[in-house]
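Engineer: Residue numbers (the numbering used here), protein chains in the order written: chain B, 18 to 832; chain S, -19 to 207.
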Amino acid sequence: MTGVCGCCGALRPRYKRLVDNIFPEDPEDGLVKANMEKLTFYALSAPEKLDRIGAYLSERLSRDVARHRYGYVCIAMEALDQLLMACHCQSINLFVESFLKMVRKLLESDKPSLQILGTNSFVKFANIEEDTPSYHRSYDFFVSRFSEMCHSSYEDPDIRTKIRMAGIKGLQGVVRKTVNDELQANIWDPQHMDKIVPSLLFNLQSGVRTESRSPSPLQASEKEKESPVELTERCFRELLGRAAYGNIKNAVTPVLMHLDNHSLWEGKTFAVRCFKIIMYSIQSQHSHLVIQQLLGHLDANSKNSATVRAGIVEVLLEAAAIAASGSVGPTVLEVFNTLLRQLRLSVDYELTGSYDGNIGTKIIKAHEERQLQEAVIRTIGSFANTLPTYQRSEVMLFIMGKIPVPGIHPALPSAGSGPEGTRMIQIMLLKSLVQVTAGFQTTNMLTALPNSFLEPLLSFSLTEDPEIRLLVLQILLSLIDRHDNMLKFTNISIISDISVLKLKVDKCSRQDNLFMKKHGQQLYRHIYLGCKEQSSGRQHYESLFALLGLLSVELANEEVVVDLIRLALALQDQALSTDEPLPVYNRCAVHALAAAYLNLICQLTTVPAFCQHIHEVIEVRQKESPYLLPEDVFVDNPKPPSSLEKVEGDVLFLQSKITEVLGGSGYNTDRLATPYVPQYTDEDRLSKRKSIGETISLQVEVESRNSPEKEERTPAEEITFETLKNAIVDSVGMEEQERERRRQVVEKFQKAPFEEIAAHCGARATLLQSKLNQIFEITIRPPPSPSGTISSGYGQSQSRSIPIYEMKFPDLCVY
Amino acid sequence: MYFACDLCIPSSYKSGEYPVFLFSMSMEDYDYLFKIVLIGNAGVGKTCLVRRFTQGLFPPGQGATIGVDFMIKTVEIKGQKVKLQIWDTAGQERFRSITQSYYRSANALILTYDITCEDSFRCLPEWLREIEQYANNQVVTILVGNKIDLAEKREVLRQRAEDFAESQSMLYLETSAKESDNVERLFLDLACELIQEAKQNKLDNNDTAPMPGEGKTISYLSCCNLN
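(1) Sorted by chain position, which residues of the same chain lie with C-beta nearer than 6 Å to B:SER586's C-beta, five sequence neighbours on each side aside?
(2) How many Å lie between B:PRO44 and B:LEU131 at the Cα?
(3) Distance cutoff 8 Å, beta carbons only. Does B:PHE219 sit that close to anything in chain S?
(4) For the region 116 to 127 of chain S, enumerate the residues whose C-beta is nearer than 7 Å to any C-beta of chain B, in chain order.
(5) Looking at B:PRO692 and B:ARG542, is the spacing between their C-beta atoms short of 8 Å?
(6) Less than 8 Å between CB atoms is the rule here; does B:ASP81 satisfy it with respect to chain S?
(7) Going by alpha carbons, who is nearest to B:THR305 out of B:SER319, B:ALA338, B:ALA323, B:PHE470?
(8) Give the secondary structure of B:LEU28 by DSSP, where H, G and I count as helix, E and B as strand, and everything else as coil.
(9) Given a threshold of 16 other Cβ atoms within 10 Å of its Cβ, counted over all protein chains shown, does B:PHE58 qualify as buried or as exposed?
(10) Going by C-alpha distance, which of B:LEU475, B:GLN620, B:VAL522 is nearest B:ILE512?
(11) In whole angstroms, give me the CA-to-CA distance for B:ARG486 and B:THR439.
(12) Consider the Cβ of S:GLY(-4): report whether some Cβ of chain B lies at a distance smaller than 8 Å.
(13) What three-state label does DSSP hand S:ALA145 in the structure shown?
(14) Could you tell me if S:CYS215 is buried or exposed, where buried requires 16 or more neighbouring beta carbons within 10 angstroms of its beta carbon?
(15) I'd like to know if S:ARG76 contacts chain B, where contact means its C-beta is closer than 8 Å to some C-beta of that chain.
(16) Tell me the start and end of each unbroken beta strand (DSSP E) in the region 112 to 157 of chain S that is at least 3 residues and wholly inside, in chain order.
(17) Rounding to the nearest angstrom, what Cα-Cα distance links B:PHE562 and B:ALA592 in this structure?
(18) Using a beta-carbon distance below 8 Å, is S:ILE95 in contact with chain B?
(19) Let me know the alpha helix (DSSP H) ranges lying completely inside the region 66 to 96 of chain S, each 4 residues or longer, listed in chain order.
(20) Return the residues of the region 43 to 59 of chain S that lie within a Cβ-Cβ distance of less than 9 Å from chain B, sorted by chain order.
(21) Between S:GLN113 and chain D, is there a C-beta pair that is closer than 8 Å?
(22) Does the Cβ of B:PRO30 have 16 or more other Cβ atoms within 10 Å, making it buried, or fewer, making it exposed?
(23) In the DSSP assignment, the beta strand (DSSP E) including S:TYR12 goes from what residue to what residue?
(24) Cβ closer than 9 Å: which chain S residues qualify as neighbours of B:ASN402?
(25) Would you say B:THR136 and B:GLY187 are within 8 Å of each other, going by their C-beta atoms?
(26) In this structure, what does DSSP give as the bridge partners for B:LEU56?
(27) For the 8 Å Cβ check, are there 3 or more pairs between the region 207 to 223 of chain B and the region 91 to 98 of chain S?
(28) Which chain B residues sit within Cβ distance under 8 Å of S:TYR82?
(29) For chain B, find out if any of its Cβ atoms is closer than 8 Å to the Cβ of S:GLU73; answer yes or no.
(30) Which class does S:LYS63 belong to by DSSP, given the choice of helix, strand or coil?
(31) Count the other CB atoms within 10 Å of the CB of B:PRO174; is the residue buried (16 or more) or exposed (fewer)?
(32) What runs of the alpha helix (DSSP H), each 4 residues or longer, lie entirely inside the region 542 to 614 of chain B?
(33) Mind checking B:PRO647: buried by the 16 CB within 10 Å criterion, or exposed?
(34) Is any beta-carbon of chain B found at less than 8 Å from that of S:ASP225?
(35) In or out: B:GLY547 buried (at least 16 other Cβ within 10 Å) or exposed?
(36) How about the region 248 to 264 of chain B and the region 290 to 308 of chain B: do they share at least three Cβ pairs that are nearer than 8 Å?
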């Protein structure tokens, strides 16, 4: 060897001699280490020669590949790797070109061993951090080839796995190499992402498939070795973790496409797994982008089968939970709007039985649509859970505004499906509200539950539809419950000692008192009327009991307690009254409800005499008429008597007695002595007709006008029953007027052109303006002009000194 | 030349802002490099065509391709070495998204159908739409009717296919991977066409962006490599 080199050494450049010397005579011997050191030293001391060394090595390698001398190929690669590692200098740049050319050469070969050899070298190279940018490198081929290797279908499964893993590692290398280098072809471009992402997903998915089939003994024996699935997942996570704001879309789009093409939404598990990886890997501030894309994809699949849509929704559900606070992003209502739109679409599909698209006649499976609807509703809840309280009440209002009320939205998309469609949408949206309100806790009930939310909600509680009423009750329960007391009231029964319930009671805040002052009467009325509905069943009474119980522990001050006791007694009267055509079961139920509640409240008040009276009555009932107690009524197969007669005497709670015992403890006896009579308002009547022909804003207006009257009425109650009756009769007359006035207002707003309404409001605004001007004129003197001492030539000063109050309200304020 | 190809493909570079530094090592083993992508319905014989051409064998019972497959073959045309990088794609619908991503960089597309399968012929307009949508607009497309060894089962008449190809201004060829009929010719014709195309482009825009397969025009290292 030395002899050969010696003879032609003079004719060959030194670097070529050094390169030749690293190759042994027999490739089995491996790299000649001593000579390799010489080469490395030479390369380090004369870096300008590096590119030529690289070129020459590369030439040798190409020749060796062509001549199938694979031993030498390996040696050449090893030498290249070592040189690459040794030379952390700037001249590496040119050397890299020949290096990459050789890797490419190896990758072009159809020998798996060479492909893997090339990949390994590339990965080593990818881990070097270069400090000089490189303009003239292109990784297109590598991306294409590595992606192809990820899909290898080599016959031998072992080799196939190796090739696929090499492909994954290669892709990882390309990503590492290019992701932070602005000069490189942008790896995030769709042309690359569309190759990389499906290749990774394919391996992720195929791995899952084989794993589930059989825990192969081969894998068990090499446990320490990473499986392709794990490797893929790691690579995928790394890729996503590096994605910046602008790149998320390009990375996620191929995922959606892949799931579409391989119909993986239906199976759900893989799709969910993918998005779990995505959500956990990307930077958390970007997670809402993913959610947005999923929502967009859901919209794009509106006409697809229910299972696909349900799959996407399921993924959304999981993703939203992971992203938690960041899942909704800046467009809160848009998220909910999309979900609600999907809900409505699904209801339409279910009712019409077909997609109105041009796909032809696809048979809609009602149960699949149902599942989808459930999933959407759960997703709405999941999103809402991530929101802070103020946004949640915003969302509640938003959903409330979407609930169709016949007469307001005559042009509903479900116009063809008629009242049934409206009802279904109402139910779906109320169910969504149940989800949104679940776990909702607010310190300030007044701001969290504005009139514009509570009014329409309560109006739904008076419809004839028992399902809707029940939903409204559930919503109310979760809104009022702030100390997780709700579950303790789920069973309606006579509890001899309520300390077993371990109720959590906080002192009522000022806001709570205000809230009850404002809305208490409404709530009582709805409880009262709710009991009167013939269609009310066990669940309704149980919820009503829970509502009463929650009011007593969450929002009760002395006044409220008195009102609640009056309400309970009024319920008893209601059950006794022969005017109402109430079935026997309902009468028993109302009796039982009143008994259970009085038992609860008497223990809450801790007035011994009160407790005693209640106990006595309950004991009598237990002996004589157990059918008036919850233990007999609220069971799976209640056996009410065929008719209710002789419900009198000791089995009844006596108003006079209660007033007497509570009066001794300082409660307002005057008020207690007055039987509770629900106050009817227009709104009740309207809802009785199942239509609320007004917009929310108008309701607010009416409410604000109503409220002073209410306060006037309250003192009237303190007098006698007679005067109260008169007052009601009177108020009916007033109500007539009120209704007429309202009708006019509604008519005006419905019929008048927009400009007229605007002009009307504008006129009011000018009125306000002039009034304000007057006031300001009187109270404030215009501030001295700041430029008063400066010469009048400074003209602008005049306009600058105009006081703020003189500025006109911009016209836009009118709208 | 490798770089030449890589650089000329992506549409995003068409703005002309991409820095162009081309390498041409003196010992490069080819004069031209072209990327050829095979597309067409599943089971029309794309993989068999490629393997017949690159390896000279006809694998009976060839399974369905997964995703993409890659082969390379260097041919000599009029004394010039032409390296053909052949990307063989899966015909199955579910791999459509990954296969589409390979059209983009292709210099030539071989659109294949099975002459014994009317369906595969009827899908051609759909494939053309895909090409329109995803491929480079300078791509050379050739229509290939495969499996002419099964002449007795023929469902698509030659004339019909020729007319169709003409109406879409594509080349047309009928082949048999099994009997090795026209397979060599298919790839060699395509290579000639691509060389023509490359030369044409070189004349048309001598010093602008490099065109497919054309790498030697701009090479600043060729002079240094003489030492």
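Ideal placement from N, C-alpha and C gives every residue a C-beta, glycine not left out.
Structural biologist: Considering the structure as presented:
(1) The amino acid occupying residue 586 of chain B in the given sequence is Leu; Ser does not appear at that position. Same-chain partners within the cutoff: GLN672.
(2) About 16 Å.
(3) Yes - at least one Cβ of chain S is within 8 Å of the one on B:PHE219.
(4) Along the region 116 to 127 of chain S, none of the residues has a CB nearer than 7 Å to a CB of chain B.
(5) Going by C-beta atoms, B:ARG542 is not nearer than 8 Å to B:PRO692.
(6) Not closer than 8 Å to any Cβ of chain S, the Cβ of B:ASP81 fails to qualify, so no.
(7) Looking at the sequence itself, residue 305 of chain B is His, so the reference to Thr does not match. The option with the nearest alpha carbon to B:HIS305 is B:ALA338.
(8) Residue state, collapsed to three classes: coil.
(9) Label assigned to B:PHE58: exposed.
(10) The shortest C-alpha separation from B:ILE512 is found at B:GLN620.
(11) One C-alpha to the other measures close to 15 Å.
(12) Caution applies to S:GLY(-4), whose pLDDT of 36 falls short of 50 and renders its modelled position unreliable; the value that the coordinates give is listed next. So no, S:GLY(-4) is outside the interface.
(13) Judged by DSSP in its simplified three-state form, S:ALA145 adopts helix.
(14) It is not possible to answer for residue 215 of chain S, since the shown part of chain S is limited to -19 through 207.
(15) Taking CB atoms only, S:ARG76 has a neighbour in chain B less than 8 Å away.
(16) 120 to 126, 151 to 154, all fully within the region 112 to 157 of chain S.
(17) Taking the straight line from one Cα to the other gives about 15 Å.
(18) So no, S:ILE95 is outside the interface.
(19) Entirely contained in the region 66 to 96 of chain S, the alpha helix (DSSP H) runs reaching 4 residues are, in chain order, 76 to 83.
(20) Closer than 9 Å at the C-beta level to chain B, one finds these residues of the region 43 to 59 of chain S: GLY43, ALA44, THR45, ILE46, GLY47, VAL48, ASP49, PHE50, MET51, ILE52.
(21) Given the protein chain composition of this structure (B and S), no chain D is represented.
(22) Around the beta-carbon of B:PRO30, fewer than 16 other beta-carbon atoms lie within 10 Å, marking it exposed.
(23) Where S:TYR12 is concerned, the enclosing beta strand (DSSP E) stretches over 12 to 20.
(24) What B:ASN402 touches in chain S, judged by beta-carbon distance under 9 Å, is nothing: the nearest beta carbon there is about 34 Å away.
(25) Taking 8 Å as the cut-off, the Cβ atoms of B:THR136 and B:GLY187 count as close.
(26) Residue pairing for B:LEU56: DSSP places it in no beta bridge.
(27) Touching, no.
(28) Chain order gives the chain B residues near S:TYR82 as SER161, LYS212, where near means a beta carbon separation below 8 Å.
(29) S:GLU73 counts as touching chain B.
(30) In the three-state DSSP reduction, S:LYS63 falls in the strand class (E or B).
(31) Exposed: under 16 other Cβ atoms inside 10 Å.
(32) Considered as a whole, the region 542 to 614 of chain B harbours 555 to 571, 575 to 593 as its complete alpha helix (DSSP H) runs of no fewer than 4 residues, in chain order.
(33) So B:PRO647 ends up on the buried side.
(34) No statement about residue 225 of chain S is possible, as the shown extent of chain S runs from -19 to 207 and does not include it.
(35) It is buried - the Cβ of B:GLY547 has at least 16 other Cβ atoms within 10 Å.
(36) With three or more CB-CB distances shorter than 8 Å, the region 248 to 264 of chain B counts as touching the region 290 to 308 of chain B.
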